[in-house]
Amino acid sequence: MTAERALAQIDREVAQLFTALAPVAAGFGRVASLAGPIVRDDLLDVRGAISDVLGAHPSFVAGCGVVPAPNLLADAPYWMEWFWSVPDRDPEALRVNLEPAAPDFFDYTTADWFVTPERTGQRHIAGPYVDYVCTNEYATTVALPVQARGEFVGIVALDVTVSGWERRILPALRAIGDPVTLTNASGRVIASTSALRSPGRRIDASDGARLIGSTAVGWRLLREEAAGTRH
Numbered sequence: 000m001t002a003e004r005a006l007a008q009i010d011r012e013v014a015q016l017f018t019a020l021a022p023v024a025a026g027f028g029r030v031a032s033l034a035g036p037i038v039r040d041d042l043l044d045v046r047g048a049i050s051d052v053l054g055a056h057p058s059f060v061a062g063c064g065v066v067p068a069p070n071l072l073a074d075a076p077y078w079m080e081w082f083w084s085v086p087d088r089d090p091e092a093l094r095v096n097l098e099p100a101a102p103d104f105f106d107y108t109t110a111d112w113f114v115t116p117e118r119t120g121q122r123h124i125a126g127p128y129v130d131y132v133c134t135n136e137y138a139t140t141v142a143l144p145v146q147a148r149g150e151f152v153g154i155v156a157l158d159v160t161v162s163g164w165e166r167r168i169l170p171a172l173r174a175i176g177d178p179v180t181l182t183n184a185s186g187r188v189i190a191s192t193s194a195l196r197s198p199g200r201r202i203d204a205s206d207g208a209r210l211i212g213s214t215a216v217g218w219r220l221l222r223e224e225a226a227g228t229r230h
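Residues 0 to 230, numbered by numbering that gives the first Met the number 0, are exactly what the sequence shown covers, in order.
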């Protein structure tokens, strides 16, 4: 398999996830457009779409949900309508402390997966990072910003662990033949066929790997260079 074909497969996997989020985004947009105060119970209408995403991607999507902008909900200044997959059980609601005065307050408004879609108005994949809130694994978050009445009202998102990405894309990377590594735009490893490249590690220009292609979301495919060819 060529690098171009491997990148095309990765792009298809990523596009599939953004497509899966579209009904969740549509449902959240409808809720955010309701007349009068919006409350947490209004988000119950989105749970079916969240469940559909988790059910359609077992062992790949680790969590999915809606994260409203602060003060969108009249009865909860901060809220996460988020569910995560549990083996052999129904998805469970995420429980984090969203009380700003609490010492363990989870301020999601500072997270890359929230800040970047809010700032750019564009889809975004954050990570890999260690997900201490849900999986305690290296993970990525696929996020879409949502607008209602011309204003940003929050995001919809899903989590994929790095191990989930490896299961999906390592066969294509191995088929290239040479040792290759897939990183995010800042050089942090997502998956690699080289034993030297562990997930989460950052690769810089001096690490002996050459860029051979990029995905539509800016992930980079690097080929290991032989020691004698490094500059």
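Beta carbons: idealized from backbone N, C-alpha and C, even for Gly.
Can you give the beta carbon distance from F236 to V114, rounded, assuming they're within the 8 Å contact cut?
-> No statement about residue 236 is possible, as the shown extent of the chain runs from 0 to 230 and does not include it.
To which residues of the same chain is D41 closer than 7 Å at the C-beta, ignoring the five residues directly before and after it?
-> Within the sequence shown, numbered from 1, the residue matching residue 41 stands at position 42. V30 and L33.
Let me know the beta strand (DSSP E) ranges lying completely inside the region 170 to 200, each 3 residues or longer, listed in chain order.
-> 179 to 182 and 188 to 191
Counting along the chain, where does the beta strand (DSSP E) carrying F17 start and finish?
-> As a first step, residue 17 is located in the sequence shown; it is residue number 18 there, counting from the start. From DSSP, F17 is part of no beta strand (DSSP E) but of the alpha helix (DSSP H) over A2 to A31.
What are the complete alpha helix (DSSP H) segments, minimum 4 residues, inside the region 78 to 160?
-> 111 to 119
Going by the beta-carbon positions, is the gap between V52 and V45 smaller than 8 Å?
-> Mapped onto the sequence shown, residue 52 falls at position 53. Mapped onto the sequence shown, residue 45 falls at position 46. Cβ atoms of V52 and V45: not closer than 8 Å.
For the putative contact between A73 and P36, defined by C-beta atoms under 8 Å, what is the C-beta separation to the nearest angstrom?
-> For the purposes of this step, residue 73 is taken as residue 74 along the sequence shown, with counting starting at 1. For the purposes of this step, residue 36 is taken as residue 37 along the sequence shown, with counting starting at 1. Their Cβ separation, rounded to whole angstroms, is 4 Å, which keeps A73 and P36 in contact under 8 Å.
Can you give me the start and stop residues for the alpha helix (DSSP H) that V66 sits inside?
-> The residue labelled residue 66 in the question sits at position 67 within the sequence shown. That residue, V66, is in no alpha helix (DSSP H); its beta strand (DSSP E) goes V60 to P67.
How long is the line joining the alpha carbons of G28 and A194, rounded to whole angstroms?
-> Residue mapping note: residue 28 aligns to position 29 of the sequence shown, counting from 1. Residue mapping note: residue 194 aligns to position 195 of the sequence shown, counting from 1. Each residue's Cα considered, the two are about 44 Å apart.
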